[in-house]
């Protein structure tokens, strides 16, 4: 078969193969070509970037894992219908499995696939010696065709000219240094693309950079000159048999904690008659409906361990289902998820041991022998796998036979329904594993739907808290271990990578006293105001305290129901507070005429917590009077599409707007917010601020949250919240439950007396509303969550008979 193709290799690791290969894929796709991306070796992370660049699954080519005879067929299978295939190498061109003379190296794969090689050479610290390196690489193995080079991290034109004169092969491109195009790393290599919110934008920039500095036409000409391959594409349907009956649902862990997977594994299972349904153990409270088998692949549970542990309902369901015989395969991260604990944090508790991060990385390419008959293997069978982890088990697992014998070392656990170990396998190299797993799934009973609504027994929930001071009762008091959290309005998705980087930088810079000036400037630019009109605060709470202590107010009015903290701060400052209620018959909307004319301070929220009502800006502006200050708490305005009705840009006197970064950006422990007002008011409030009250991490976070990337991500989150809210409201309304018309990340619903407590008994926490002035105990506030999470709440309400 004819397939235009190139191998992107390098003399050593760290030369920029991923940058050039991924950028080349994106640049070629930008020419409306169908591009197929491939990676030499077992690496899972680079194919994730390849997938972003090509719009197709990233594929691996590894002779150790799948056998030499399958490499070229797998290339043709992955590149089916593609115009060109780009294969990224691993390490140095000739570096393979140790002790095997280069087996499974990039050169080995280039030879098996008869593919021309382009070398990426980092010349940041090299001049004429580059010629000697390339000449040696080109002549070392005459069966490998090195057709040219791309010079990476180039500096001066003089040095580039010197390097070029030293070369005996064509130079296809000269890529200049650009620190902004590097990809962040951690203990197992690059941060996976699925964990980086800016990954797509990075790949797009890589494509632009490579397209600008590399001769794409010349590379395409070389790729199209690659010889034909006289093998047939790999076909998963030829490797397995379809199981009889209805397609069994195989639940496959995905999301940010489970990013390691080979596309061929799912293709084999589908060919065997299974239906693949992905779920996210960080967010989803239950396994997919009808689950008859569970596949927990690799990833980074150690990075997300607290979030995984916080999803108590799912952990409990997985524990009960696996113990009851749900066919389950768990590799590396999956093994850790099933342990009793990871870094002292409780996990599912299926496998009787725990694990912790270690000082050294475990990396090996072993041949493993099956220790016995079990779900996947038969005693004595051998497979080729790889291990790549930085955790170790604290002791051998109790009560289960081992899975593998690797040179006399027994690892993992295996039973007729469970197979869990650190070993990663590519099932294309052992398709019998897929066959046995599919047959076990077909014979298994589905996980009972009722298990979804069962209360979690992972940890113990707190007793129902009784508010002693209603104004000081907040949503965090409603949650606890083992409770599915609908009570706290913090955004449930992980923080963006750029925000994590900003927080880390804030920690590093905390060796000196914090300086909020850069944050004031960034926030001012965001809202088209002067820096003197911005006061950076330790969350909205500090802003409320400053307002309360700013003046000797004569008549203070708080419009309720709303967030109780401003009211509490005013009382702490010794003020007597008058309450102006929004009426239920008006949908809890503001009536400006209800506020007494002599009030010199009026405080209200927009959108209002807990109702979610968004008041028209024109109605709020009607509250302005000479010598009156109107404070608008816009803590949730960033959850409103387009931030319509916001007064953050309004510079009229007597108007103060308070904003918070806590909820939308998932940083409640950082306490980051700000106040906007005229210069004189801000100066007066700043004079009462405790020195250095705003931490350096909060300052870094505030700056990061004003960037174009943050604005784009904020809009994306708002769009998701809007969709989630609509789904929740539709579900509640369909059951005859009254719901207020919210515009924010929560809804106020009339569930009836006793329902909140009954939900708590079932492992679900919602926010009581009777601590908000003007609301009764039949109302609850429900934080907006993804539909699959809300389904657990709705199922529980059905079980309780709530609604019509």
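Residue numbers (the numbering used here): -6 to 797.
Glycine included, each C-beta is placed from N, C-alpha and C at the ideal position.
Computed from a prediction, not measured in an experiment: that's the story for all the values here.
C-alpha gap between residue 455 and residue 473, whole angstroms = Confidence at residue 455 is low in this model, with a pLDDT of 47, below 50, so its placement is unreliable and the value that follows should be read with caution. Going by the C-alpha atoms only, they are around 6 Å apart.
Per DSSP, which one or two residues make a beta bridge with residue 347?
-> Looking at the DSSP output, residue 347 bridges to 334.
Take residue 687 as the anchor and find which of 676, 706, 674, 667 has the nearest alpha-carbon.
-> The option with the nearest alpha carbon to residue 687 is 667.
Continuous alpha helix (DSSP H) assignments of at least 4 residues falling wholly in the region 281 to 311 | Scanning the region 281 to 311 for uninterrupted alpha helix (DSSP H) segments of 4 residues or longer gives 298 to 303, listed from N- to C-terminal end.
Segments of 3+ residues assigned as beta strand (DSSP E) that fall wholly inside the region 110 to 145 = Taking only runs of at least 3 residues, the beta strand (DSSP E) segments lying wholly in the region 110 to 145 are 110 to 115.
On the three-state DSSP scale, how would you describe residue 692?
-> For residue 692, the secondary structure class from DSSP, reduced to helix, strand or coil, is helix.
Between the Cα of residue 390 and those of 317, 415, 366, spot the shortest distance and give me the residue it belongs to.
-> Selected option, being the one with the closest Cα: 415.
Excluding five sequence neighbours on each side, which residues of the same chain lie with their C-beta closer than 7 Å to the C-beta of residue 99?
-> So the list reads 0, 2, 33, 82, 83, 86, once near-sequence residues are dropped.
Taking the alpha-carbon positions, what's the residue 761 to residue 481 distance?
-> C-alpha separation (whole angstroms): 11 Å.
According to DSSP, what are the bridge partners of residue 166?
-> For residue 166, the pairing in a beta bridge is given by DSSP as 143, 207.
Buried or exposed by the 16-neighbour rule on C-beta atoms within 10 Å, applied to residue 500 = Exposed.
Closest residue to residue 462 among 561, 217, 542 (Cα-Cα distance) | Here the closest residue by C-alpha is 561.
Residue 412 vs residue 58 beta-carbon contact at 7 Å = Result no, Cβ atoms of residue 412 and residue 58 do not sit closer than 7 Å.
Just list the beta strand (DSSP E) runs in the region 227 to 285, keeping only unbroken ones of 3 residues or longer that don't cross its boundaries, in chain order.
-> Every beta strand (DSSP E) of 3 residues or more that sits fully in the region 227 to 285 is shown, in chain order, as 242 to 246, 268 to 272.
Start and end residues, alpha helix (DSSP H) containing residue 571 | Looking at the DSSP string, residue 571 is not in any alpha helix (DSSP H); the run it does join, the beta strand (DSSP E), is 570 to 574.
Residues in its own chain within less than 6 Å of residue 179 by CB, not counting five upstream and five downstream?
-> Its pLDDT being 31, under 50, residue 179 is placed unreliably in this model, and the coordinates cannot settle the point.
Round the Cβ separation of residue 410 and residue 274 to the nearest angstrom and send it over; I've been treating them as touching at under 8 Å.
-> The Cβ separation is near 20 Å, so there is no contact.
Any idea what DSSP makes of residue 386, helix, strand or coil?
-> It is a strand residue.
Compare the C-alpha of residue 528 against each of 673, 753, 777 and name the closest.
-> Comparing C-alpha distances from residue 528 to each of 673, 753, 777 shows the shortest one belongs to 673.
Residue 386 to residue 784 span [Cα, whole Å] | Put simply, the backbone Cα of residue 386 is about 36 Å away from that of residue 784.
Simplified DSSP assignment, three categories, for residue 83 | Residue 83: coil per DSSP, three-state reduction.
Note the first and the last residue of the continuous beta strand (DSSP E) segment covering residue 739.
-> Note, residue 739: beta strand (DSSP E), 739 to 743.
Helix, strand or coil: how does DSSP classify residue 397 here?
-> Strand, per DSSP.
Short check: CB of residue 290 to CB of residue 259, under 7 Å?
-> It is not a contact, given that the beta carbons lie outside the stated cut-off.
Thinking C-alpha only, which one of 791, 229, 332, 643 is nearest residue 727?
-> Checking every option, the nearest Cα to that of residue 727 belongs to 791.
Can the beta-carbon of residue 623 be found less than 7 Å from the beta-carbon of residue 616?
-> It is a contact, given that the beta carbons lie within the stated cut-off.
Under the DSSP definition of a beta bridge, which residues are partnered with residue 530?
-> DSSP lists 666 as partners of residue 530.
Run the CB neighbour count on residue 642, radius 10 Å, all protein chains shown included, and call it buried at 16 or more, exposed below.
-> Note on residue 642: under 16 other CB atoms within 10 angstroms of its CB, so exposed under the neighbour-count rule.
Contact set for residue 37: own chain, Cβ-Cβ below 6 Å, skip 5 residues either direction = Contacts found: 253.
Distance, residue 777 Cα to residue 580 Cα | Taking the straight line from one Cα to the other gives about 20 Å.
Which full runs of the beta strand (DSSP E) of 3+ residues lie inside the region 24 to 103, going along the chain?
-> The region 24 to 103 contains, as complete beta strand (DSSP E) runs of 3+ residues, the segments 28 to 33, 52 to 54, 77 to 81 (chain order).
Beta carbon of residue 629 nearer than 7 Å to that of residue 600 | Residue 629 places its beta carbon less than 7 Å from that of residue 600.
To the nearest angstrom, how far is it from the Cα of residue 428 to the Cα of residue 263?
-> One alpha carbon belongs to residue 428, the other to residue 263, and they sit about 10 Å apart.
Can residue 363 and residue 372 be called in contact, C-beta distance under 7 Å?
-> In contact: residue 363 and residue 372 (Cβ atoms closer than 7 Å).
Exposed unless 16 or more other CB atoms sit within 10 angstroms - verdict on residue 125 = Per the 10 Å Cβ criterion, exposed.
In terms of residue numbering, what span does the beta strand (DSSP E) encompassing residue 773 cover?
-> It spans 772 to 776 - the beta strand (DSSP E) in which residue 773 sits, taken as one unbroken run.
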